[in-house]
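S.K.: Just dropping this structure here.
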Amino acid sequence: MQRSSKCIWSIQLTGSLAISRPFLLCSELKLLYAFGFLPDIAPKFGALLHRYYGNSIPFGITQKEALKNATIRGYFNSAQALADYAEILLHVQKQFKAQDSPIIVFGASYGGMLASWFRLKYPHIAMGALASSAPILYLGNSNIPPDALDKRTSEIYKETSETCYMKIKESWTEIDRIAAQPSGLDTLSRKFKACKPLKNASVLKAFLHDMYSEAAQYDNPPDQPKLATVCGSIDGAKHGQTILGKIFSALTLTDTPKSKWHENTCYDLDHTVEDDGWYWQVCSDIVQPFGSVNNDTMFPASPFSLKEYEDNCKSRYGVLPRPHWLATYFGDHGMPAALKRFGSNIIFSNGLRDPLSTIGITENISDTIVGVTTKEGSHCLDFGRGSEKDPNWLIKQRDT
Numbered sequence: 001m002q003r004s005s006k007c008i009w010s011i012q013l014t015g016s017l018a019i020s021r022p023f024l025l026c027s028e029l030k031l032l033y034a035f036g037f038l039p040d041i042a043p044k045f046g047a048l049l050h051r052y053y054g055n056s057i058p059f060g061i062t063q064k065e066a067l068k069n070a071t072i073r074g075y076f077n078s079a080q081a082l083a084d085y086a087e088i089l090l091h092v093q094k095q096f097k098a099q100d101s102p103i104i105v106f107g108a109s110y111g112g113m114l115a116s117w118f119r120l121k122y123p124h125i126a127m128g129a130l131a132s133s134a135p136i137l138y139l140g141n142s143n144i145p146p147d148a149l150d151k152r153t154s155e156i157y158k159e160t161s162e163t164c165y166m167k168i169k170e171s172w173t174e175i176d177r178i179a180a181q182p183s184g185l186d187t188l189s190r191k192f193k194a195c196k197p198l199k200n201a202s203v204l205k206a207f208l209h210d211m212y213s214e215a216a217q218y219d220n221p222p223d224q225p226k227l228a229t230v231c232g233s234i235d236g237a238k239h240g241q242t243i244l245g246k247i248f249s250a251l252t253l254t255d256t257p258k259s260k261w262h263e264n265t266c267y268d269l270d271h272t273v274e275d276d277g278w279y280w281q282v283c284s285d286i287v288q289p290f291g292s293v294n295n296d297t298m299f300p301a302s303p304f305s306l307k308e309y310e311d312n313c314k315s316r317y318g319v320l321p322r323p324h325w326l327a328t329y330f331g332d333h334g335m336p337a338a339l340k341r342f343g344s345n346i347i348f349s350n351g352l353r354d355p356l357s358t359i360g361i362t363e364n365i366s367d368t369i370v371g372v373t374t375k376e377g378s379h380c381l382d383f384g385r386g387s388e389k390d391p392n393w394l395i396k397q398r399d400t
């Protein structure tokens, strides 16, 4: 159905009580732990997570229990989360007699989307917003082709190593060839050390698709050279090694699938996600129309099908997705025009090496809604902790 399952996205809310200048901080849960200043400042300000993530589960139950309850999970959506922040921030201002203190909201990825939406929906509360790597143009926008992410990801791999790009492109046919043989799925299960026998080849292909996509998205040389690791392993494989042998070598060296590596024995290729909050969100209010229209990328053709998307959500949660809800509520149809008409004081920051930048705001829309970009930057890199090794372009992006 959707193949951007690399991250569980969450929101971080903090209030700077000591200086009476509250701010709302949004970020992917993964980024919260992976990047520098988020974990540095969150404990200082008493951080609260987006409802239904982390410990912010209402009704005193677990996320898994909440997602199994149709009534309770109905309160789990982006609009309700923003309303939470509005209530809390107003309460903090009142509690500390800081009604005249400005509020700035900022976030990364899904959190960046929420930060920009908060500024649009609650301009009387937030004076401005910083949205890093926010893919705000994709949802509900029919002008963006469904294979935009796959195309940009493929371009990045081709720029890194054309031989690597071609080997990945050829590997899908080899996977299908082996899967079609008697006991072929068992062969693939053994070759890729699957924890459970593969039921079909699409499970393995989806897993690898996510690995390649995340490596491109979070590539950050020299500290985290994910693309160099993947392609270096594929290009540097021993002479005579099979294509799938090269692919598996890359899998074992990159840290992308480590969360699926169980007790150093096997990969959980067919991960069950019913208790994952993000999968509920993409089945309720955040529909992701991702797909490959034809075979002009390094990925196999897999057109987006709303019918399949609906069937999957209906089977998993008993609900039908609302593909146009975000466009109605936040104005995603013609978002640049909508921002120009009624938005202000939002900075959209993107690294152009991040495939998600293709569906983000990368140009100035007005004097007060600006796009800040770097040619080399990756996903949410500007939200990372600064160091002496930071290149000048990254320092400049953060200073801007």
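Those letters in the sequence shown? Residues 1 to 400, per our numbering, in order. Where is the CB? At the ideal position from N, CA and C, for every residue including glycine. Since this is a predicted model, take the numbers as computed values, not measurements.
Per DSSP, which one or two residues make a beta bridge with S292?
M.R.: S302
S.K.: Classify G128 as helix, strand or coil using the three-state DSSP reduction.
M.R.: Reduced to three states, the DSSP call for G128 is strand.
S.K.: Use the C-beta contact count for K205: other C-beta atoms within 10 angstroms, 16 or more gives buried, fewer gives exposed.
M.R.: buried
S.K.: If we count the other Cβ atoms within 10 Å of its Cβ and call it buried at 16 or more, is T400 buried or exposed?
M.R.: exposed
S.K.: Can you name the start and end residues of the alpha helix (DSSP H) that I88 belongs to?
M.R.: S78 to Q95
S.K.: Report the start-end ranges of each beta strand (DSSP E) in the stretch 132 to 183 that is 3 residues or longer and not cut off at the edges.
M.R.: Correct list: empty.
S.K.: Looking only at C-alpha atoms, which of Y329, P135, C380 and Q181 sits nearest to P289?
M.R.: P135
S.K.: Go through its chain and collect everything with a Cβ distance to T153's Cβ below 6 Å, but skip five positions before and after it.
M.R.: S213, A216 and P355
S.K.: Quick one: what's got a C-beta closer than 7 Å to R73's C-beta in the same chain, skipping five residues either side?
M.R.: A66, L67 and W280
S.K.: By DSSP, does C195 sit in helix, in strand, or in coil?
M.R.: Coil at C195, not helix or strand.
S.K.: Can you find a CB in chain D that lies within less than 8 Å of the CB of F342?
M.R.: Looking at the structure shown, chain D is missing, and only one protein chain is on hand.
S.K.: Taking the runs of the beta strand (DSSP E) that are 3 residues or longer, which of them lie wholly in the stretch 332 to 361?
M.R.: Qualifying beta strand (DSSP E) stretches, in chain order: 346 to 351.
S.K.: Measure the alpha-carbon distance for W117 versus F330 and round it to whole angstroms.
M.R.: 7 Å
S.K.: Just curious, the alpha helix (DSSP H) that V319 is in, first and last residue?
M.R.: Careful: V319 lies outside any alpha helix (DSSP H) and carries neither H nor E.
S.K.: If you pair each beta-carbon of the stretch 50 to 65 with each one of the stretch 297 to 307, do three or more pairs fall below 8 Å?
M.R.: Flag = no, the stretch 50 to 65 and the stretch 297 to 307 do not touch.
S.K.: Measuring only the C-alpha atoms, how far is K396 from A228?
M.R.: 25 Å
S.K.: Return the CA-CA distance between K199 and R190, expressed in angstroms with no decimal places.
M.R.: 13 Å
S.K.: Check whether the stretch 165 to 176 and the stretch 238 to 249 are in contact - that is, three or more C-beta pairs closer than 8 Å.
M.R.: yes
S.K.: Is the separation between the beta-carbon of D235 and that of C164 shorter than 8 Å?
M.R.: yes
S.K.: When you compare the stretch 313 to 324 with the stretch 90 to 105, are there three or more beta-carbon pairs, one atom per stretch, that lie closer than 8 Å?
M.R.: Contact between the stretch 313 to 324 and the stretch 90 to 105 is absent: fewer than three C-beta pairs spanning the two stretches fall below 8 Å.
S.K.: Got a sec? Which residues, its chain only, sit under 6 Å from S387 by beta carbon, not counting five neighbours each side?
M.R.: Here S387 has no same chain residue with a Cβ atom under 6 Å from its own Cβ, once five neighbours each way along the sequence are excluded.
S.K.: By DSSP, does N392 sit in helix, in strand, or in coil?
M.R.: helix
S.K.: By Cβ distance, which residues of its chain are closer than 7 Å to N295, with the 5 residues on each side in sequence left out?
M.R.: Here N295 has A301 as same chain residues with Cβ atoms under 7 Å from its own Cβ, once five neighbours each way along the sequence are excluded.
S.K.: Nearest CA to the CA of N69: which residue from R316, H239, L82 and K97?
M.R.: R316
S.K.: By Cβ distance, which residues of its chain are closer than 6 Å to S344, with the 5 residues on each side in sequence left out?
M.R.: T368
S.K.: Need the endpoints of the beta strand (DSSP E) that V105 sits in, please.
M.R.: I104 to A108
S.K.: Straight-line CA distance for Y33 to D390?
M.R.: Below a pLDDT of 50, predicted positions are generally treated as unreliable, and Y33, at 39, falls in that range; no measurement from the model is reported.
S.K.: Decide if G240 is buried, meaning its Cβ has at least 16 other Cβ atoms within 10 Å, or exposed.
M.R.: exposed
S.K.: Closest by CA to C415, which one among S161, Y138 and L137?
M.R.: Missing from the structure shown is residue 415; the chain here goes from 1 to 400 and no further.
S.K.: What did DSSP end up calling V287 once you bin it into helix, strand or coil?
M.R.: coil
S.K.: Report all residues from its chain with a CB closer than 7 Å to the CB of A180; omit the five preceding and five following residues, and keep chain order.
M.R.: none
S.K.: Using only the alpha-carbon positions, how far apart do T328 and D382 sit?
M.R.: 30 Å
S.K.: So what's G371 in DSSP terms, helix, strand or just coil?
M.R.: DSSP, reduced to helix, strand and coil, places G371 within a strand of the structure shown.
S.K.: How would you call K238, buried or exposed, if buried means at least 16 neighbouring beta carbons within 10 angstroms?
M.R.: Under this definition K238 is an exposed residue.
S.K.: What's the gap between the Cα of C313 and the Cα of C283?
M.R.: Cα-Cα distance, rounded: 5 Å.
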